Structure formats: structure tokens, C-alpha cells
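Asker: Have a look at this one.
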Amino acid sequence: MAESSERTRLQSWKDGMNFNTVVAAILIVFSIVAFILIPYQIEKPKLFIGRLLSTLTPSLFPRLSIIALFILSVFYLIKSPRIA
Numbered sequence: 164m165a166e167s168s169e170r171t172r173l174q175s176w177k178d179g180m181n182f183n184t185v186v187a188a189i190l191i192v193f194s195i196v197a198f199i200l201i202p203y204q205i206e207k208p209k210l211f212i213g214r215l216l217s218t219l220t221p222s223l224f225p226r227l228s229i230i231a232l233f234i235l236s237v238f239y240l241i242k243s244p245r246i247a
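Written out as C-alpha cells, the structure reads:
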């Protein structure tokens, strides 16, 4: 009985998998990796002309963009099984 319900759950999960689900999962992985690597890819300015040292960091906008990509990818992953 338990094996049958496990098999049914596995089959329903496989039926929900499609191209959109795979793309959403890839985008989630990409956004996590990019979020981790952003500080190493953006060089800090050597000269602060007219700016204080306590202002926004150069990596703030790319990190905000990657966070938005992650949130949209999670939403896409949740909705993807219902997309035909």
C-alpha cells in the first residue's frame, strides 16, 4: 500500500515536469551562483570623487537584480507545472 502511494506521488511529480520547470530550476541555480560571485567580479573604485566612503557599494544594483531574478524564478517554478 505504501509503495503504491509512493509510486503515485513520484509519477505525479514526473507529470508536472516540463521545459518550463527545468528552465526555472536552472535560473534558480544561476541566480544563487551569480549572487555569490558578484563581489569578486566588480572592482571597487580606486578614487572616490565627490562621494563619501559610506555610500552605496558598486555591487548593490547587480545584487538587487539577481535577488529579483531569484524571486521571479521561484514563482516561475511554482507556476510551471500548470503551464501547458
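Here the sequence shown stands for residues 164 to 247, numbered as in my numbering. Beta carbons are placed, not taken as given, at the ideal position from N, Cα and C, and that holds for glycine. Because the structure is a prediction, the values reported are computed rather than measured.
(1) May I have the straight-line CA-CA distance separating S228 from L219, to the nearest angstrom?
(2) Under DSSP, the alpha helix (DSSP H) around N183 begins and ends at which residues?
(3) Can you say whether A231 is buried or exposed, counting buried as having 16 or more other CB atoms within 10 angstroms of its CB?
(4) Within 10 angstroms of the Cβ of S194, are there 16 or more other Cβ atoms? Answer buried if so, exposed if not.
(5) Apart from the five residues on each side of it in sequence, which residues of its chain come closer than 6 Å, Cβ to Cβ, to F222?
(6) Can you find the residues in the same chain that come closer than 6 Å, C-beta to C-beta, to P244, ignoring five residues on each side of it along the sequence?
(7) Output needed for A187: all residues of its chain with C-beta closer than 7 Å, excluding positions within five of it in sequence on either side, in chain order.
(8) From what residue to what residue does the alpha helix (DSSP H) around P244 run?
Answerer: Taking the geometry as given:
(1) So the alpha carbons of these two residues sit roughly 15 Å apart.
(2) According to the DSSP assignment, N183 belongs to the alpha helix (DSSP H) that extends over 182 to 204.
(3) Classification of A231: exposed, given that the 10 Å Cβ count is below 16.
(4) Buried: at least 16 other Cβ atoms inside 10 Å.
(5) Note that residue 222 is Ser in the sequence shown, not Phe. Cβ neighbours of S222 within its own chain (closer than 6 Å, five residues either side excluded): I201, P202, I205.
(6) The residues are G179.
(7) If we look at A187 and ignore the five residues flanking it on each side, its Cβ neighbours are S236, Y239, L240, S243.
(8) Element bounds for P244: n/a, residue is neither H nor E.
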